[in-house]
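**Q** Per this note's numbering, the sequence shown runs over residues 6 to 143.
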Amino acid sequence: MKEKDIFCRIINGEIPCHKLYEDDDVLAFLDISQVTRGHALVIPKKHYDNFLSVPHEEMHKVMDVAQRIGQIAIKFLGAKGVNILTNCYEAAGQTVNHFHVHVIPRYEDKEGFHLEMRNNSSEELNLPALAREIKENL
Ligand code: AMP
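What follows is the structure in structure tokens.
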């Protein structure tokens with residue numbers, strides 16, 4: 006039998022968490038690493054490997070709770086911004102194989118989270134061909 010991932014174990018109550026929200030389909034709790042103050046995770050109770058495999062309805066329920074926690078970070082925690090992030094597969098930094106959305110409040114002081122998007126555009130990237138390739142498969 007496949008071993009349960011750590012978030013399935015949290016849902017089953019086998020591992021404790023700092024719960025923020027729960028309903029029949031969704032659970033939200035504080036991320037143990039707290040890369041910034043209030044860093045939260047929102048997950049579906051049913052197991053899906055990641056964002057790319059979760060059905061629309063459940064994805065929307067998870068995103069709805071993530072939005073509300075993000076709003077609270079701004080309104081009540083004093084955050085100046087919020088990153089909503091979900092990693093898909095190891096190559097993108099996914100370490101827990103259960104769909105989850107990070108809500109990462111951002112403050113102006115030194116933080117444990119850094120996001121850099123460098124301009125990687127070059128002559129070698131044929132943007133019209135690239136756009137066509139994606140569009141044709143949508
Ligand atoms: P990712 O790297 O996107 O898969 O994120 C997994 C996240 O789960 C990390 O930020 C971890 O700190 C967090 N995490 C792992 N175990 C626990 C736990 N028992 N309680 C809360 N957060 C956890």
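For each residue, glycine too, the CB sits at the ideal point set by N, CA and C.
With a threshold of 7 Å (Cβ to nearest heavy atom), would residue 34 be considered close to the ligand AMP?
**A** Your numbering for residue 34 matches position 29 in the sequence shown. The answer is yes for residue 34.
**Q** In chain order, what residues of the same chain have a beta carbon less than 8 Å from the beta carbon of residue 87, not counting five sequence neighbours either side?
**A** The residue you call residue 87 lines up with position 82 of the sequence shown. Excluding positions up to five away in sequence, the list reads 75, 78, 79, 108, 109, 110, 111.
**Q** Who are the near neighbours of residue 41 in its chain, counting only those whose CB is closer than 7 Å to its CB and skipping five residues on each side?
**A** As a working note, residue 41 is residue 36 in the sequence shown. Here the set comprises 109, 110, 111, 112, 116, 117, 118.
**Q** Less than 8 Å separating the beta-carbons of residue 93 and residue 55?
**A** Along the sequence shown, one-based indexing puts residue 93 at 88. Along the sequence shown, one-based indexing puts residue 55 at 50. Yes. Within cutoff.
**Q** Please find out if some non-hydrogen atom of the ligand AMP comes closer than 7 Å to the beta-carbon of residue 70.
**A** As a working mapping, residue 70 is identified with position 65 in the sequence shown. No, the Cβ of residue 70 stays beyond 7 Å of every heavy atom of the ligand AMP.
**Q** Could you tell me which uninterrupted alpha helix (DSSP H) segments, each at least 4 residues in length, are contained entirely in the segment 19 to 103, listed from first to last along the chain?
**A** Counting whole runs of 4 or more residues, the segment 19 to 103 contains the alpha helix (DSSP H) stretches 61 to 81.
**Q** Grab the span of the alpha helix (DSSP H) containing residue 137 for me, first residue to last.
**A** Taking the sequence shown and counting its residues from 1, the one referred to as residue 137 is at position 132. It spans 132 to 142 - the alpha helix (DSSP H) in which residue 137 sits, taken as one unbroken run.
**Q** Could you check the C-alpha separation between residue 25 and residue 34 for me, to the nearest Å?
**A** Residue 25 sits at position 20 when you count from the first residue of the sequence shown. Residue 34 sits at position 29 when you count from the first residue of the sequence shown. C-alpha separation (whole angstroms): 5 Å.
**Q** By DSSP, does residue 111 sit in helix, in strand, or in coil?
**A** Here residue 111 refers to the residue found at position 106 when the sequence shown is read from its first residue. Reduced to three states, the DSSP call for residue 111 is strand.
**Q** Indicate, with yes or no, if the ligand AMP has a heavy atom lying under 7 Å from the CB of residue 107.
**A** The residue given as residue 107 occupies position 102 in the sequence shown. Correct: residue 107 has its Cβ closer than 7 Å to the ligand AMP.
**Q** How about residue 87: is its Cβ closer than 7 Å to a heavy atom in the ligand AMP?
**A** As a working mapping, residue 87 is identified with position 82 in the sequence shown. Residue 87 Cβ: outside cutoff for every heavy atom of the ligand AMP.
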